[in-house]
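Here the sequence shown stands for residues -17 to -1, 1 to 229, where the numbers follow mature numbering (1 follows the signal peptide of the UniProt record, and there is no 0).
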Amino acid sequence: MLIRVLGIFFYLAAINSYSIEPVLSPEPIHLDNHHTNEQIFEILSTIHKKCPHITHIYDLDRKSANNTHLRVIVFSDHPEKHEPMEPEFKYVANMHGNEVIGRELLVELAQQLCDLYLDNNPDVVKLVETTRIHLLPTMNPDGWNMAVLNEFKKWSVQKPAKFTTMEQMLREVGVTDWLVGRTNFNNVDLNRNFPDLDKYEYKYNRDHKNKFDHLLTEASFEINNKNLDCNMKPYQNETIAVANWI
(Lines of atoms letter the chains of each structure in order from A and count residues from 1; the text may use other names and numbers.)
(Lines give C-alpha, C1' and ligand atoms only; values in the text may rest on other atoms or scores of the structure.)
Protein backbone atom coordinates (compact mmCIF):
# COMPACT_ATOMS: atom_id res chain seq x y z
CA MET A 1 0.00 0.00 0.00
CA LEU A 2 1.28 3.44 -0.89
CA ILE A 3 0.90 6.51 1.29
CA ARG A 4 1.38 9.99 -0.20
CA VAL A 5 3.16 12.42 2.12
CA LEU A 6 3.84 15.95 0.86
CA GLY A 7 3.96 14.73 -2.71
CA ILE A 8 6.33 11.83 -2.01
CA PHE A 9 5.31 8.18 -2.05
CA PHE A 10 6.60 5.86 0.59
CA TYR A 11 5.70 2.49 1.98
CA LEU A 12 4.71 1.87 5.57
CA ALA A 13 6.83 -0.94 6.92
CA ALA A 14 3.92 -2.25 8.94
CA ILE A 15 1.91 -3.10 5.83
CA ASN A 16 2.10 -6.84 5.33
CA SER A 17 1.96 -6.59 1.55
CA TYR A 18 5.46 -5.08 1.49
CA SER A 19 7.64 -6.30 4.32
CA ILE A 20 10.77 -4.31 5.14
CA GLU A 21 13.26 -5.16 7.86
CA PRO A 22 15.55 -2.14 8.24
CA VAL A 23 18.86 -2.65 9.99
CA LEU A 24 18.89 0.26 12.40
CA SER A 25 20.52 0.62 15.78
CA PRO A 26 19.44 0.10 18.46
CA GLU A 27 16.10 -1.10 17.06
CA PRO A 28 13.95 -0.67 13.94
CA ILE A 29 11.90 2.52 13.66
CA HIS A 30 8.23 2.18 14.49
CA LEU A 31 5.63 4.90 13.96
CA ASP A 32 3.92 3.88 17.21
CA ASN A 33 6.99 4.87 19.21
CA HIS A 34 8.06 8.47 19.85
CA HIS A 35 11.77 9.24 19.52
CA THR A 36 13.88 11.67 21.51
CA ASN A 37 15.98 14.30 19.76
CA GLU A 38 19.10 12.25 20.46
CA GLN A 39 17.48 9.12 19.04
CA ILE A 40 16.48 10.99 15.88
CA PHE A 41 20.06 12.19 15.40
CA GLU A 42 21.27 8.61 15.86
CA ILE A 43 18.69 7.27 13.40
CA LEU A 44 19.67 9.84 10.76
CA SER A 45 23.32 8.93 11.24
CA THR A 46 22.52 5.23 10.86
CA ILE A 47 20.52 5.88 7.69
CA HIS A 48 23.45 7.84 6.28
CA LYS A 49 25.82 4.96 7.03
CA LYS A 50 23.40 2.57 5.37
CA CYS A 51 22.91 4.76 2.26
CA PRO A 52 26.09 6.89 2.12
CA HIS A 53 26.01 7.49 -1.63
CA ILE A 54 22.54 9.08 -1.67
CA THR A 55 22.47 10.89 1.70
CA HIS A 56 24.17 13.81 3.38
CA ILE A 57 23.66 15.20 6.89
CA TYR A 58 24.15 18.84 7.85
CA ASP A 59 23.02 21.34 10.50
CA LEU A 60 21.38 24.68 9.83
CA ASP A 61 23.60 27.70 10.47
CA ARG A 62 21.98 28.46 13.84
CA LYS A 63 21.14 26.24 16.78
CA SER A 64 17.86 26.34 18.68
CA ALA A 65 17.29 28.80 21.51
CA ASN A 66 18.58 26.18 23.97
CA ASN A 67 21.58 25.28 21.81
CA THR A 68 20.29 22.14 20.06
CA HIS A 69 21.30 21.40 16.48
CA LEU A 70 18.67 21.75 13.74
CA ARG A 71 19.69 18.68 11.78
CA VAL A 72 18.80 17.86 8.18
CA ILE A 73 19.24 14.73 6.09
CA VAL A 74 19.36 15.05 2.29
CA PHE A 75 18.52 12.44 -0.34
CA SER A 76 19.79 12.70 -3.91
CA ASP A 77 22.16 10.99 -6.32
CA HIS A 78 24.50 13.94 -5.61
CA PRO A 79 23.33 14.81 -2.09
CA GLU A 80 26.05 17.34 -1.22
CA LYS A 81 25.46 19.77 -4.05
CA HIS A 82 22.73 21.40 -6.10
CA GLU A 83 22.50 20.25 -9.71
CA PRO A 84 21.28 22.77 -12.32
CA MET A 85 17.63 22.28 -13.29
CA GLU A 86 17.08 19.69 -10.55
CA PRO A 87 14.19 20.60 -8.21
CA GLU A 88 14.84 20.75 -4.48
CA PHE A 89 12.29 20.07 -1.74
CA LYS A 90 12.65 21.05 1.91
CA TYR A 91 10.25 19.53 4.43
CA VAL A 92 9.98 20.89 7.98
CA ALA A 93 8.26 19.15 10.89
CA ASN A 94 7.67 19.75 14.60
CA MET A 95 7.46 23.56 14.46
CA HIS A 96 5.25 23.24 17.53
CA GLY A 97 7.23 21.03 19.89
CA ASN A 98 4.20 19.16 21.22
CA GLU A 99 2.89 18.28 17.74
CA VAL A 100 4.88 15.20 16.88
CA ILE A 101 3.16 13.33 14.04
CA GLY A 102 5.08 15.15 11.30
CA ARG A 103 8.31 14.61 13.20
CA GLU A 104 7.85 10.85 13.27
CA LEU A 105 6.63 10.77 9.65
CA LEU A 106 9.80 12.45 8.41
CA VAL A 107 11.92 9.97 10.36
CA GLU A 108 9.93 7.13 8.81
CA LEU A 109 10.17 8.75 5.38
CA ALA A 110 13.95 8.97 5.66
CA GLN A 111 14.14 5.30 6.54
CA GLN A 112 11.84 4.30 3.69
CA LEU A 113 13.69 6.36 1.08
CA CYS A 114 16.91 4.59 2.03
CA ASP A 115 15.45 1.08 2.25
CA LEU A 116 13.40 1.30 -0.92
CA TYR A 117 16.27 2.81 -2.89
CA LEU A 118 18.45 -0.13 -1.87
CA ASP A 119 15.60 -2.42 -2.88
CA ASN A 120 15.52 -0.75 -6.34
CA ASN A 121 11.96 0.46 -5.94
CA PRO A 122 11.41 2.32 -9.25
CA ASP A 123 9.43 5.23 -7.75
CA VAL A 124 12.01 5.95 -5.07
CA VAL A 125 14.98 5.46 -7.40
CA LYS A 126 13.43 8.00 -9.78
CA LEU A 127 12.83 10.45 -6.92
CA VAL A 128 16.40 10.20 -5.68
CA GLU A 129 17.89 10.52 -9.15
CA THR A 130 15.77 13.47 -10.28
CA THR A 131 15.27 15.57 -7.13
CA ARG A 132 17.12 16.68 -4.00
CA ILE A 133 15.06 16.11 -0.86
CA HIS A 134 15.90 17.80 2.47
CA LEU A 135 14.19 16.55 5.64
CA LEU A 136 14.25 18.56 8.91
CA PRO A 137 12.42 16.30 11.42
CA THR A 138 12.30 18.91 14.18
CA MET A 139 12.37 22.68 13.94
CA ASN A 140 11.57 22.96 17.66
CA PRO A 141 13.59 20.34 19.55
CA ASP A 142 13.50 22.41 22.76
CA GLY A 143 9.71 22.58 22.73
CA TRP A 144 9.58 18.83 22.29
CA ASN A 145 11.85 18.36 25.31
CA MET A 146 9.65 20.64 27.42
CA ALA A 147 6.51 18.79 26.36
CA VAL A 148 7.98 15.39 27.19
CA LEU A 149 9.41 16.45 30.56
CA ASN A 150 6.08 18.02 31.51
CA GLU A 151 4.21 14.87 30.48
CA PHE A 152 6.51 12.59 32.44
CA LYS A 153 6.21 14.83 35.50
CA LYS A 154 2.40 14.57 35.37
CA TRP A 155 2.51 10.78 35.27
CA SER A 156 5.23 10.57 37.94
CA VAL A 157 3.10 12.16 40.66
CA GLN A 158 0.56 9.36 40.42
CA LYS A 159 0.77 6.69 43.11
CA PRO A 160 1.85 4.19 42.03
CA ALA A 161 3.60 5.79 39.08
CA LYS A 162 2.14 4.56 35.79
CA PHE A 163 5.48 4.73 33.97
CA THR A 164 8.89 3.97 35.42
CA THR A 165 10.87 5.49 32.54
CA MET A 166 10.37 8.23 29.99
CA GLU A 167 10.95 5.70 27.20
CA GLN A 168 8.02 3.62 28.46
CA MET A 169 5.80 6.70 28.53
CA LEU A 170 6.78 7.64 24.98
CA ARG A 171 5.98 4.14 23.77
CA GLU A 172 2.57 3.99 25.42
CA VAL A 173 1.06 7.50 25.43
CA GLY A 174 3.47 10.03 23.96
CA VAL A 175 2.59 13.68 24.64
CA THR A 176 -0.99 14.71 25.42
CA ASP A 177 -0.81 18.33 26.65
CA TRP A 178 -2.15 20.87 24.15
CA LEU A 179 -0.04 23.81 25.33
CA VAL A 180 3.23 22.89 27.05
CA GLY A 181 5.99 22.65 24.47
CA ARG A 182 4.06 24.40 21.73
CA THR A 183 6.48 27.33 21.91
CA ASN A 184 10.25 27.25 21.83
CA PHE A 185 12.61 27.60 24.80
CA ASN A 186 12.02 31.38 24.85
CA ASN A 187 8.22 30.90 24.93
CA VAL A 188 7.78 32.16 21.35
CA ASP A 189 5.36 30.46 18.97
CA LEU A 190 7.54 29.80 15.93
CA ASN A 191 4.51 29.45 13.69
CA ARG A 192 3.80 33.16 14.29
CA ASN A 193 7.40 34.30 14.28
CA PHE A 194 7.90 34.75 10.53
CA PRO A 195 7.71 38.14 8.76
CA ASP A 196 4.31 39.54 7.77
CA LEU A 197 4.67 39.53 3.99
CA ASP A 198 1.03 40.37 3.28
CA LYS A 199 1.80 44.08 3.72
CA TYR A 200 4.36 43.89 0.92
CA GLU A 201 1.96 42.00 -1.32
CA TYR A 202 -0.69 44.68 -0.78
CA LYS A 203 1.86 47.46 -1.29
CA TYR A 204 3.08 46.07 -4.62
CA ASN A 205 -0.49 45.54 -5.76
CA ARG A 206 -1.35 49.16 -4.94
CA ASP A 207 1.74 50.33 -6.81
CA HIS A 208 0.89 48.06 -9.76
CA LYS A 209 4.24 46.31 -9.50
CA ASN A 210 4.25 42.72 -10.63
CA LYS A 211 7.53 41.59 -9.14
CA PHE A 212 7.82 37.84 -8.92
CA ASP A 213 10.68 37.79 -6.40
CA HIS A 214 9.57 40.47 -3.95
CA LEU A 215 8.46 38.10 -1.20
CA LEU A 216 11.85 36.43 -1.15
CA THR A 217 13.62 39.79 -1.10
CA GLU A 218 11.45 41.32 1.59
CA ALA A 219 11.47 38.17 3.71
CA SER A 220 15.26 38.13 3.72
CA PHE A 221 15.38 41.82 4.66
CA GLU A 222 12.78 41.46 7.42
CA ILE A 223 14.26 38.39 9.05
CA ASN A 224 17.87 39.59 9.01
CA ASN A 225 17.52 43.32 9.72
CA LYS A 226 14.63 43.74 12.14
CA ASN A 227 14.36 42.62 15.73
CA LEU A 228 10.61 42.04 16.13
CA ASP A 229 8.03 39.98 14.27
CA CYS A 230 4.45 41.04 13.52
CA ASN A 231 3.47 40.07 17.10
CA MET A 232 6.27 42.21 18.54
CA LYS A 233 8.33 39.15 19.50
CA PRO A 234 12.04 38.88 18.67
CA TYR A 235 12.89 36.68 15.72
CA GLN A 236 14.14 33.39 17.09
CA ASN A 237 17.21 31.41 16.10
CA GLU A 238 15.01 28.63 14.75
CA THR A 239 12.97 31.03 12.61
CA ILE A 240 16.00 32.85 11.20
CA ALA A 241 17.77 29.57 10.44
CA VAL A 242 14.79 28.06 8.64
CA ALA A 243 13.87 31.27 6.78
CA ASN A 244 17.40 31.69 5.42
CA TRP A 245 17.59 27.98 4.62
CA ILE A 246 14.36 27.99 2.63
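All C-beta atoms in this analysis are idealised placements derived from N, C-alpha and C, irrespective of residue type, glycine included.
- Positions of the beta strand (DSSP E) runs, each at least 3 residues long and wholly inside the stretch 75 to 133, are given as 115 to 119 in order along the chain.
- According to DSSP, residue pairing for Leu211 in a beta bridge involves Pro217.
- Checking the DSSP bridge columns, you'll see Arg54 partnered with Asp42.
- Remark: C-beta atoms of Phe177 and Asp125 do not approach each other more closely than 8 Å.
- Contact check for His117 against Tyr74 passes: the beta carbons are separated by less than 8 Å.
- In the structure shown, Lys136 adopts helical secondary structure according to DSSP, grouped into three states.
- With respect to Glu221, Leu173 sits close: the two C-beta atoms are nearer than 8 Å.
- Spanning the alpha carbons of Pro70 and Gln141 requires a straight line of approximately 52 Å.
- DSSP places Ile23 inside the alpha helix (DSSP H), whose first and last residues are 20 to 33.
- Between Ala130 and Gly85, the CB-CB gap reaches or exceeds 8 Å.
- In this structure, Pro120 lies near Leu89, with their beta-carbon atoms less than 8 Å apart.
- Two segments are said to touch when three or more pairs of C-beta atoms, one from each, lie closer than 8 Å; by this definition the stretch 22 to 31 does not touch the stretch 44 to 51.
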